[in-house]
Structure formats: C-alpha cells, structure tokens
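Position 59 (the sequence shown) corresponds to 40 in the working numbering; numbering is contiguous. Using N, Cα and C, we set each Cβ at its ideal position, and we do this for glycine too. What follows is one structure encoded as structure tokens, with my remarks underneath.
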Amino acid sequence: NSILDKDIHHLSGGELQRIAIAAVALRDADVYIFDEPSSYLDIYQRLKMASLIRDLAKESKYIIVAEHDLAVLDYLSDYVCIFYGKPGVYGIISKPHGVRVGINLYINGYLPDENMQFRSYSISFDLSPIPNEWRPEDLLLRWPSFTKEIGDFKLSALPGEIHKGEIIGIVGPNGIGKTTFVKIISGELQPTQGYIENFGISISYKPQYIFPEANKKVKDYFDSSIIEDPWFKEEIIKPLEIELLLDRKVDTLSGGELQKVFVAICLSKDAKIFLLDEPTAHLDVENRLTVARCIKRIVEKKNVAAFVVEHDIVTIDLMANSIMVFSGEPGRNGIANPPTSLRKGMNKFLKELGITFRRDPQTKRPRVNKKGSWLDRYQKEIGEYYYTEITAEDLKA
C-alpha cells in the first residue's frame, strides 16, 4: 500500500520485485513461473513472498520457480530439479526429487541414482556455533556510539568492535542503515555525531552497487603479482572463475560476472578489514557458496576480519562467526546493535521476524519451519529460533 501512488520509475529494486510478484500472482492461470523472485528482497520479504507463492499451489495449478536462496527454495518447494554442467557450454537437468532429499543431494555434490558427481566436495555446516573468545591483541577496530542523518532517516550505532579472524554478518531489513554503517566504517561517509578512529587500519571495500569503468579490462583492476600468486590463484581466482574474464572489458560483464570480479578485487587487497556489501547479489547458488568460502579462507589465511552485509541466511551461516542485527523502522530510523555470537544474534533477529529455523539432520543446513507447525511453536516457547541442539558451552555464550 505504501508504494501504490509512486511513479514506477522511481521505485527501488525490492519494490519493483514485489510489484512484479504481485502482478503475476493476481492473474488467473494454470501455470505460474517465477524467475529468481527473492532478488533484491530482505529475509522477511523473501519468506512472505514464499508464503504467497505456496498459497497459489492449489488443485490443478502448477508453479515453477528458479531460485538461488536455498532456504527460500526449501520453504516454497515440494520437488526440486538440480541443474549442473559447465556454464555457457552445456547443462543437464536431474530427475525431480523431494525438496529435502534434492537439496541435500545438491549440498553433497553427488546424485547416486544417476551416479553423477557434479562437485568434488560437499558443503558442511556447523550444527551449533562455537562461542567467540577474543584476546586483547586480536582487536582490530573499536567504534564508539555514533549517529548519521541522511534526509529524514537517522542511523544510531551502538559501540562495538571487530577482531582478527572474525567475520561479522550484518542482517536486517532493507532501508534500515546497513549500507550506511559500512560506508562510515570505510570512511566514505562521516558520522553526524561521533567519530571513528581507525588508527591507520587498511580497509578494502566492495560496495553494494558497482559502476564499472568503460574500456577498462578486468586484469587492470588487479596488481599483477596477486594474479600470479599461487595461493590466491588456487583459492580465489580459480573457484570464482576469474581467469576466463581477465581480458574482458568490465563494462561488458553480466551482473553475476561483475559481482565475482569485484569480490575478488576486494579480497586481493592487502587490508586488515574487508567490507563486502551484498557480495552474493546476482549470483547463482553455486557461486554464492563459493564466495562464502573465499571470504572465509582469506580471513583465516591472513588472520584479518570482514564485515559482510547479506540477506541469504544459508550464506551467513556458512561463513560468519559473529552477527550484527539492525533493527528499527525502515526508511525512518535504524539501530546498529553491537556484534554478538551467532546464536544470540540470530535468536534476536528471527524473534523480531517471528520465524524459526531447524537443522537438517543429514547436512546440518538451516531449514525454515512452517509457521504454526509443532516445531515452530516449540522453538518459540524455549526461545531457540535458530540452533535447536544446545550444549552447556552454548548456554554460557
């Protein structure tokens, strides 16, 4: 209702996406097709979208969805087909599988009924988060409370800090100040009140929106020595398939190619803190998981730190060891809460959304509970919205 009277040319990507989904859903059809419906949406909007699409699945109605967010795909699907092959060369479609079995097969990278291994490794998730224990010498950056006013919007940040080896996942609805916070940490914006002293800490920043320079090749953005560095080549360049793009002009790349290139450029810098604003936007599910692994490997290898703004819960779960929850009223005021443990932070975030996740017993991946289900009610009752198996160590965190 808030955007009905707006000029459609002035709408954001998320607003346009919601209008497109509604326009399709309101039609009387036998088959509904949605291509990447979660793009540009925050986690709450994604699950509302998934509920809407599921409600369309009535007798004699069929729904086909292409989706890269595994949690959303799991929530809205009954069956899944796995697409694999070599991008730009050939593609193979598996036979349909039940949604849980199908996604688990994808996670494992192997289709036993077709005797096909389409990935050389399986993807692993932690069942229970490891409590963070930072030493004084691990501290990289500490920020005091500060505010930033932009037009009618005000961001209020509470004090916090980031440490060597720490990846802070930043979550919250659209329009709540996540990008503003990251820009202030990077030095691109200055607070209205307060001051951040970075003590000369080097920072590498991958912005939310990328504007490539005309006639500049991909390899021109990299230091020549880093491209030839054996470790960086093996762990970042090859997994992200940057080698084939090095001689391409950046203004000819697709959205996904551009995203991978600028994630790699950000990670190639000799920095102590990496800031990545929505690094998996425009990427397929395979590349999302690859980006998560690359960020994690850089942080572990170099003993540095990263802030990652992300809406994909599975991606956050795969790489982050701390979390910052942004709350407030989108477009009006935002609160940047201090970094906290994954268990505590995800409980706070999901409680505000009224959503619970369980863990798949085989792969340990997070799965959204159906609203009002027995497990949904039980987890809300015990206050565990994300991690359902609690150890004594977890309770101390």
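Using only alpha-carbon positions, find the residue among the options that is nearest to residue i.
{"i": "L120", "options": "F134, A273, H49 and G141", "result": "G141"}
{"i": "G132", "options": "S126, P320 and N314", "result": "N314"}
{"i": "Y56", "options": "A31, E40, F64 and G66", "result": "A31"}
{"i": "T321", "options": "W115, F15, L225 and D204", "result": "W115"}
{"i": "A138", "options": "H144, K159, K145 and E118", "result": "K159"}
{"i": "E365", "options": "G353, S354 and I336", "result": "I336"}
{"i": "N113", "options": "H144, V80 and D50", "result": "H144"}
{"i": "Y65", "options": "H78, P93 and Q98", "result": "Q98"}
{"i": "S75", "options": "S105, I191, P93 and G69", "result": "P93"}
{"i": "D293", "options": "G153, L136, N284 and I104", "result": "G153"}
{"i": "P68", "options": "I(-16), L264 and P117", "result": "L264"}
{"i": "E222", "options": "S183, M327, D298 and V242", "result": "V242"}
{"i": "A52", "options": "L239, G72, I316 and I88", "result": "I88"}
{"i": "S183", "options": "I166, H49 and I191", "result": "I166"}
{"i": "S126", "options": "R358, E118 and L136", "result": "L136"}
{"i": "D59", "options": "K361, F213 and K351", "result": "K351"}
{"i": "N284", "options": "L226, D251 and V266", "result": "D251"}
{"i": "G309", "options": "Y91, V80, I207 and I157", "result": "I157"}
{"i": "I191", "options": "V266, F180 and A262", "result": "A262"}
{"i": "Q360", "options": "T344, N328, R346 and Q343", "result": "N328"}
{"i": "D9", "options": "V61, K39, D(-14) and I297", "result": "K39"}
{"i": "R346", "options": "N196, K282 and L86", "result": "L86"}
{"i": "K332", "options": "G(-5), I363, T344 and Q343", "result": "I363"}
{"i": "Q240", "options": "T271, P211 and L(-8)", "result": "T271"}
{"i": "E224", "options": "G236, D232, A245 and T233", "result": "A245"}
{"i": "Y21", "options": "A47, A3, F15 and S(-7)", "result": "S(-7)"}
{"i": "S105", "options": "T296, G353, R358 and F330", "result": "T296"}
{"i": "G(-5)", "options": "F15, S19 and N(-18)", "result": "S19"}
{"i": "P220", "options": "L234, S101 and F15", "result": "S101"}
Following the continuous beta strand (DSSP E) through residue i, name the residue where it begins and the one where it ends.
{"i": "A4", "result": "A4 -> not in any beta strand (DSSP E); alpha helix (DSSP H) instead, spanning G(-6) to A6."}
{"i": "G326", "result": "Here G326 belongs to no beta strand (DSSP E); instead the alpha helix (DSSP H) covers L323 to L334."}
{"i": "I148", "result": "I148 to V152"}
{"i": "I157", "result": "Per DSSP, I157 belongs to no beta strand (DSSP E) and is neither H nor E."}
Name the two residues that bound the continuous alpha helix (DSSP H) containing residue i.
{"i": "W413", "result": "Because residue 413 is not part of the residues shown, which for the chain are -18 to 378, the question remains open."}
{"i": "L37", "result": "I24 to L37"}
{"i": "E40", "result": "It is not in any alpha helix (DSSP H) - E40 carries neither H nor E in the DSSP assignment."}
{"i": "R274", "result": "V266 to K283"}
Which one or two residues does DSSP pair with residue i in a beta bridge?
{"i": "G66", "result": "G72"}
{"i": "G315", "result": "L136 and G309"}
{"i": "L257", "result": "K187 and V289"}
{"i": "Y91", "result": "Q98"}
{"i": "Q393", "result": "The structure shown does not extend to residue 393, since the chain spans only -18 to 378, so no value can be given for it."}
{"i": "Y13", "result": "I44"}
{"i": "F338", "result": "V349"}
{"i": "Y60", "result": "G79"}
{"i": "D118", "result": "Contrary to the premise, residue 118 reads as Glu rather than Asp in this sequence. Looking at the DSSP assignment, E118 forms no beta bridge with any residue, so it has no partner."}
{"i": "G141", "result": "W124"}
{"i": "I304", "result": "G150 and T321"}
Can you name, in chain order, every residue of its own chain whose Cβ lies under 6 Å from the Cβ of residue i, other than the five neighbours on each side?
{"i": "P319", "result": "L139 and G141"}
{"i": "R229", "result": "V199"}
{"i": "I177", "result": "W124"}
{"i": "D341", "result": "R348"}
{"i": "D23", "result": "P154, N155 and H292"}
{"i": "M300", "result": "I148, A273, I276 and K277"}
{"i": "G326", "result": "I304 and V306"}
{"i": "L334", "result": "Y25"}
{"i": "S185", "result": "C247, K250, A252 and F255"}
{"i": "D(-14)", "result": "none"}
{"i": "A317", "result": "A138, F162 and F307"}
{"i": "L227", "result": "V199 and K200"}
{"i": "I208", "result": "none"}
Residues in the same chain with beta-carbon distance under 8 Å from residue i, minus the five sequence neighbours each way, listed in chain order, please.
{"i": "Y13", "result": "V5, A6, I34, L37, K42, Y43, I44 and I45"}
{"i": "D417", "result": "Residue 417 lies beyond the stretch modelled for the chain, which goes from -18 to 378, so this question has no answer here."}
{"i": "I(-11)", "result": "L(-3) and I0"}
{"i": "R278", "result": "E216 and I217"}
{"i": "I151", "result": "K159, F162, V163, F288, V289, V290, E291, I304, M305 and F307"}
{"i": "L28", "result": "V53, Y56, L334, I336 and V349"}
{"i": "L170", "result": "K129, T161 and K164"}
Let me check you understand the geometry: is the CB of residue i closer than 7 Å to at least one non-hydrogen atom of the ligand SAM?
{"i": "M97", "result": "No copy of the ligand SAM appears in this structure; indeed no ligand is present at all."}
Enumerate in chain order the residues of its own chain whose CB-to-CB distance from residue i is below 7 Å, with the five nearest sequence positions on each side excluded.
{"i": "V280", "result": "G146, I148, A286 and A287"}
{"i": "A339", "result": "The amino acid at residue 339 is misidentified as Ala; the sequence shows Arg. These residues qualify, in order along the chain: R348, N350, L356 and T369."}
{"i": "G312", "result": "F134 and G156"}
{"i": "A378", "result": "Annotation note: pLDDT 42 at A378 (below 50); position unreliable, no value reported."}
{"i": "V80", "result": "D55, S58, D59, Y60 and V61"}
{"i": "T173", "result": "T128, K129 and E130"}
{"i": "I371", "result": "The predicted model places I371 with a pLDDT of 43, which falls under 50 and marks its position as unreliable, so this point remains unresolved."}
Requested in this report: Taking only runs that begin and end inside the segment 193 to 249, name each unbroken beta strand (DSSP E) of 3 or more residues, in chain order.
Outcome: none
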